[in-house]
């Protein structure tokens with residue numbers, strides 16, 4: 129399987145493929161409604177520009193299955209439409225924030241068995257829905273050493289890294305240069321905070337003279353059947369390159385300004401339905417944990433110091449959203 133080489137491009141060639149990719153979804157192995165097989169079926173039936181399309185034997189779009197603290201769904205299932213991932217909650221002492229990690233199936237399974245599973249809670253339900261015993265930077269270092277792609281989910285949320293002290297947020301951005309998520313289960317202005325964070329915390333790529341903002345990706349954080357194809361990112365790849373996790377995340381970094389993001393603004397009914405399903409899966413301990421977080425974990429979002437720059441960035445985001453909404 130050929131890997132993506134990443135030349136610098138001003139324009140995406142016409143013969144490249146724009147793959148629809150929802151990188152954040154949950155199966156029945158944690159708090160999702162569908163099995164990984166059912167999610168795979170949805171991915172295969174995902175339409176491109178109003179019709180089903182087959183490229184290199186792959187039909188439809190790509191969905192990343194990222195269950196909480198487990199990769200059990202990936203142990204006995206492989207599909208070109210499914211990207212293996214995991215959503216890991218770090219220890220309580222580090223605010224119990226979440227990280228999304230991705231790798232090839234074999235390497236992700238090995239990483240979880242070596243690094244994550246030994247640090248799970250002894251209570252089976254808490255092991256999936258609760259914090260691990262992993263320190264935040266312990267996990268980030270281990271993931272980086274293993275070659276995992278790292279995504280910051282739901283930045284402006286009580287389980288996002290905005291609850292960390294600002295110096296730690298800046299350290300994460302500069303040292304690990306993660307991808308930042310726009311979350312399809314959050315209100316639009318919450319995702320505005322993630323956009324400003326991505327542009328306020330710069331890192332300097334190796335061999336590049338100038339600093340650049342962190343790449344961003346729109347995802348569904350999908351738990352229910354109707355949410356798996358409503359928020360996603362369209363990512364350009366050459367025709368001969370397969371849309372594997374490593375290739376997609378490499379393209380997100382290299383061609384982020386050419387990616388197209390579609391983000392659902394969830395209704396109150398959607399939010400209530402998702403919350404009800406998560407509570408049904410995780411029990412009342414999920415409710416008590418959220419209540420504690422709302423009172424003890426105050427978000428401290430980072431944004432550019434200049435209000436004019438903030439306004440310009442938000443106007444740019446709105447323009448991009450309007451453009452992408454017309455590009456199905």
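Numbering (the numbering used here), first residue to last: 129 to 456.
Glycine included, each C-beta is placed from N, C-alpha and C at the ideal position.
None of these values were measured; they are calculated from a predicted model.
Can you tell me whether DSSP reads residue i as helix, strand or coil?
i: residue 337; result: Confidence at residue 337 is low in this model, with a pLDDT of 48, below 50, so the placement of that residue is unreliable and no value is reported for it.
i: residue 188; result: coil
i: residue 174; result: coil
i: residue 390; result: strand
i: residue 118; result: The structure shown has nothing for residue 118, since the chain only spans 129 to 456.
i: residue 139; result: coil
i: residue 417; result: helix
i: residue 352; result: coil
i: residue 219; result: coil
i: residue 157; result: coil
i: residue 245; result: helix
i: residue 290; result: helix
i: residue 431; result: coil
i: residue 206; result: coil
i: residue 370; result: coil
i: residue 261; result: coil
i: residue 442; result: helix
i: residue 424; result: helix
i: residue 453; result: For residue 453, the pLDDT reaches just 48, beneath the cut-off of 50, and the residue's location in the model is therefore unreliable, although a value from the coordinates is still provided. Residue 453: helix per DSSP, three-state reduction.
i: residue 357; result: coil
Identify the residues that DSSP records as bridge partners of residue i: which are they?
i: residue 310; result: 346
i: residue 194; result: 213
i: residue 145; result: 365
i: residue 277; result: 230
i: residue 183; result: 186
Could you tell me the boundaries of the beta strand (DSSP E) in which residue i lies?
i: residue 373; result: Taken as a continuous stretch (DSSP letters only), residue 373 belongs to no beta strand (DSSP E), being part of the alpha helix (DSSP H) at 373–382.
i: residue 364; result: 360–365
From what residue to what residue does the alpha helix (DSSP H) around residue i run?
i: residue 398; result: 396–410
i: residue 227; result: No alpha helix (DSSP H) contains residue 227, which is instead part of the beta strand (DSSP E) from 226–230.
i: residue 319; result: 316–328
i: residue 162; result: No alpha helix (DSSP H) holds residue 162; DSSP gives it neither H nor E.
i: residue 302; result: 294–304
i: residue 201; result: 200–203
i: residue 252; result: 252–257
With C-beta atoms as the reference, is residue i less than 9 Å away from residue j?
i: residue 286; j: residue 425; result: yes
i: residue 148; j: residue 360; result: yes
i: residue 163; j: residue 255; result: no
i: residue 192; j: residue 347; result: yes
i: residue 373; j: residue 272; result: no
i: residue 228; j: residue 280; result: yes
i: residue 381; j: residue 278; result: no
i: residue 69; j: residue 140; result: Since the displayed the chain opens at 129 and closes at 456, residue 69 lies outside it and no answer follows.
i: residue 283; j: residue 321; result: yes
i: residue 398; j: residue 152; result: no
i: residue 403; j: residue 328; result: no
i: residue 203; j: residue 237; result: yes
i: residue 428; j: residue 290; result: yes
i: residue 190; j: residue 376; result: yes
i: residue 438; j: residue 324; result: yes
Exercise. Count the CB pairs spanning the stretch 165–181 and the stretch 207–226 that are closer than 8 Å, and state whether there are at least three.
Key: The stretch 165–181 vs the stretch 207–226: in contact.
Quiz item: Contact between the stretch 234–250 and the stretch 260–271: three or more CB pairs below 8 Å?
Solution: yes
Quiz item: For the stretch 311–331 against the stretch 390–404, are there 3 or more C-beta pairs whose distance is under 8 Å?
Solution: yes
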